[in-house]
Amino acid sequence: MNSSFSHIKMVAIDCDETLVRSDNSISDYTVDVLHRLQQKGVVITIATGRMYQTAKPIGQALKLGNVPLILFSGGLIQELETGYKLFEQTVPIVAVRRIYELAKQYDWHIQSYVDDHLLCHHKTWQSALYEKQTGATAEFLGDTLYSLNSEPNKLIAIDTVEGIDRIIEILTPRVGDLVTLVRSQKDFLEIIAPNVSKGRALTQLALDNHISLEHIISFGNAENDISMLRKTGYSVAVENATDHVKSVAHTICGHHNDDGVAHWIEGNLL
């Protein structure tokens, strides 16, 4: 235990490419470390771009109990075991329709998330990649996808790195005032409600739990983690994080495939 962190009461950990290995697995070592941390009275939350459907198995594998999950990069806070929603902000339907018009025009792969359903137009390499990485089950609606009236929790574009750069370039002047655009991976673009972020959701969660942000440590790897890394009293980037994320964090731990987060926690918080 590092005495410098004796005041820590909560940890917020990103999921993909931070806590979870590339094969979507979690080691027994990580499970044990987080269990011991929780036994010390430290609150643990998973802060992810994932939906409940794919974040829940991670939480259950960690044996965390009914902890709050920050989902959709901050658009939803939902309890792990009960599924009870503590906070939710959806993407405005006017923005969704505008984005799908552009998706049809430019042949983009845009996924939608409504009521814990992953909705796609048709099977693509992108949908297959996403299903493999997260364990999600996609539903393919064809053109019906474009006429849905329900506001989604999130849209996500998946493409090459250069393709995502281009999508951002096109979307920013057209819907930048209606949504938040942020990468969760170099080839994944999260499209979420305006002013939504992991940092904002974590701030609300800390308030609800009567915990100061100074008493929280956050862990992440990607652009959508920066908002919480900047908010918390201390922040840790994994070795495989982007250079921008590393520049924001206070320190760097090991690679996500080598249980970097768990090793850092065991060395400093236990």
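Take the sequence shown: its letters are residues 345 to 614, numbered as in my numbering.
Quick reminder that beta carbons are idealized off the backbone N, C-alpha and C, glycines included.
Just so it is clear, the structure is predicted and the values come from calculations on it, not from any experiment.
Contact between the stretch 462-477 and the stretch 506-522 is defined here as three or more beta-carbon pairs at a separation below 8 Å; is this criterion met?
no
Best match in V435, S347 and T576 for proximity to E495 [C-alpha to C-alpha]:
Cα-wise, what sits closest to E495 is V435.
I'd like to check one pair, T392 with A399: are the Cβ atoms closer than 8 Å?
Yes, they are a contact pair.
State the CB to CB distance for the pair T481 and L462, rounded to an integer number of angstroms; the pair is presumed to be in contact (CB under 8 Å).
Between the beta-carbon of T481 and that of L462 there is about 7 Å, and that keeps the pair under the 8 Å contact cut.
Suppose the cutoff is 6 Å on Cβ atoms and the five residues either side in sequence are ignored; what does the same chain contact list for G543 look like?
S571, M572 and K575
Mind listing, in chain order, the continuous alpha helix (DSSP H) runs of no fewer than 4 residues lying wholly within the stretch 369-396?
372-383
Taking C-alpha atoms, which residue in P412, L424, R394 and M395 lies nearest to Q404?
When the alpha-carbon of Q404 is set against those of P412, L424, R394 and M395, the nearest one is in L424.
In the DSSP assignment, what residue or residues form a beta bridge with D360?
V364
Range of the contiguous beta strand (DSSP E) that encloses S528:
T524 to Q529
How would you label H466, buried or exposed, when you count the other beta carbons within 10 angstroms and need 16 or more for buried?
exposed
Do I535 and A501 count as a contact pair if the criterion is CB distance below 8 Å?
yes
DSSP state of T576, grouped into three classes?
coil
Tell me, please, whether the stretch 557-571 touches the stretch 355-362 by the rule of three or more beta-carbon pairs shorter than 8 Å.
yes
Are G577 and L551 close, meaning C-beta to C-beta below 8 Å?
no
Of all the beta strand (DSSP E) runs that stay within the bounds of the stretch 490-575, which reach a length of 3 or more residues?
498-502, 524-529, 532-536 and 560-564
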